[in-house]
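Report on one structure; see the data block that follows.
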Amino acid sequence: FFFQAEDGIRDYKVTGVQTCALPIYKIEQIISDKLKELKLKFDYSVILGYYQFDFGSKQYNILLEVQGDYWHGNPAIYKKSQLNETQKRNIKRDQKKIQFAKKHNIKLYHIWESDIKSNNFSVLKEIKNEIYTRTNKQN
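In terms of the working numbering, the sequence shown has 231 at position 108, counting the first letter as 1, and numbering is strictly consecutive.
Right, dumping it as structure tokens:
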């Protein structure tokens, strides 16, 4: 079910979608480094169905999206009335991704660019705690 793109590349190889490769963004690289530092094994750029997610752990059935404040219209910064068409379109796609993850019983987390820039990695600690809890329940 999980498909991992090549290391460091966003690879959109989905039926009916044109292939497009982009390098890893700086904020995603920061998260990748933090995940490694916390010893959380996540793959970069996973594709499920028609959606690309920034990070995924098949082992724990967890996805992580790194949200740019501008591009995804961070509600802590932008009022709904301030959003442009690109932001509205991205938010609509983000909502579809949330529904997709729920439908397939996959836990989806989000971390905002502003949190990354202010060194607030509480979402990653939450993921680590969830994995720890799950692992201890299985033992």
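Note that the Cβ used here is the ideal one computed from N, Cα and C, for glycine as well. The structure presented is a predicted model; accordingly, all values stated were derived computationally and were not measured.
Residue i versus residue j - alpha carbon distance
i, j, result
"Leu247", "Arg212", "27 Å"
"Glu151", "Glu236", "9 Å"
"Lys157", "Ser204", "34 Å"
"Asp177", "Gln218", "15 Å"
"Lys202", "Asn184", "32 Å"
"Lys260", "Arg216", "34 Å"
"Cys143", "Tyr174", "Reliability fails at Cys143, whose pLDDT of 43 lies under 50, so the model's placement of it is uncertain and the value that follows must be treated cautiously. One C-alpha to the other measures close to 13 Å."
"Ala199", "Tyr193", "11 Å"
Proximity to residue i [Cα-Cα], best of the options
i, options, result
"Lys181", "Lys203, Asn207, Val189, Asp166", "Asp166"
"Lys226", "Ile214, Gly172, Tyr193", "Gly172"
"Lys161", "Asn184, Asn259, Ile254, Gln261", "Residue identity check: residue 161 is Leu in the sequence provided, not Lys. Minimum Cα distance to Leu161 is reached at Ile254."
"Asn243", "Ile234, Ile229, Pro198", "Ile234"
"Lys230", "Gly191, Lys164, Leu186, Ile154", "Leu186"
"Leu251", "Asn228, Ile221, Leu163, Ser155", "It should be pointed out that residue 251 corresponds to Lys in this sequence rather than to Leu. When only C-alpha atoms are compared, the closest one is Leu163."
8 Å contact criterion, which residue i and residue j should meet: CB distance rounded
i, j, result
"Val189", "Gly179", "In fact, because the Cβ distance is near 12 Å, the residues do not count as touching under 8 Å."
"Ile153", "Ile239", "6 Å"
"Gly196", "Gln210", "4 Å"
Complete beta strand (DSSP E) runs within the stretch 199–253 (minimum length 3 residues, chain order): 230–235
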